[in-house]
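Quick note, the numbering used here runs 1041 ahead of the 1-based positions in the sequence shown.
Here a beta-carbon is modelled for each residue, glycine too, at the ideal position from N, C-alpha and C.
All remarks here apply to the structure that follows.
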Amino acid sequence: MNGEGFKFINFDDAAQWTAEFESDSAKIQATWGTEIKDGETLKTKCGKVMSSDSEKNKEDIENVKKWCGIRSISSQLERKGKKFLVNSKEDAGTLTGKWTATYNKRKENQTSRATLGLSGTWPSTDQNEIERVKALCREKGNSDFLVKDNVIYTAIENWCTEEGAKVDVRP
């Protein structure tokens, strides 16, 4: 799995294991049983599967890829039911409206631009800035979802999802 860019969650990172379990607990328990009840028991199960004969446990290996590794921020957002606008399959007109609504909400709230990686003050014209926001969302959305870097996750959630148009985040 290492050749696939898979990064196993660090065994010492209890918060990351807990977040992984909580983000998909129903499916984890439906697949591996209700004895997997928290991040600690998920970590134990993942360790057992990884140390077993992977040829006999191909299905479990697929589950390890889902629940035992570091995923991208966009993957975490989608798992949480958020509509990450970068990956949207909607028609261009609808999608442009959603990007604009989310951007306008951030501007209306005067949300910190630095959290996404923008500098300076809010511009008077938005179109070039929205394109810059899209590029930053694409770049940062592919970053690792790490519980300890919650500020980045929250910024992506607020700036890069359809739901961001409904969130009040003021400085």
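| query | result |
| --- | --- |
| Secondary structure of T1072, DSSP reduced to three states | helix |
| Neighbour-count burial assignment, F1062, 16 or more Cβ in a 10 Å radius | buried |
| Proximity winner among V1090, G1205 and N1104, relative to A1071 (alpha-carbon distances) | N1104 |
| Start-to-end residues for the alpha helix (DSSP H) that takes in S1064 | A1055 to S1064 |
| Extent of the continuous alpha helix (DSSP H) to which T1143 belongs | A1133 to N1150 |
| Distance, N1145 Cα to M1091 Cα | 46 angstroms |
| Residues sharing a beta bridge with F1125, DSSP | T1202 |
| Residue range of the unbroken alpha helix (DSSP H) whose run includes R1179 | Q1168 to G1182 |
| Three-pair Cβ contact test at 8 angstroms for the segment 1147–1162 versus the segment 1172–1184 | yes |
| Contacting residues, own chain, Cβ-Cβ under 8 angstroms from K1123 (five flanking each side not counted) | E1198, T1202, E1203 and E1204 |
| Distance, W1140 Cα to E1100 Cα | 38 angstroms |
| Segments assigned beta strand (DSSP E), at least 3 residues, entirely inside the segment 1075–1114 | none |
| Whether I1114 touches I1193 by CB criterion (9 angstroms) | yes |
| K1121 versus R1112 - alpha carbon distance | 13 angstroms |
| Own chain residues within Cβ distance below 7 angstroms of G1110, not counting five before or after | F1047, K1048, F1049 and I1050 |
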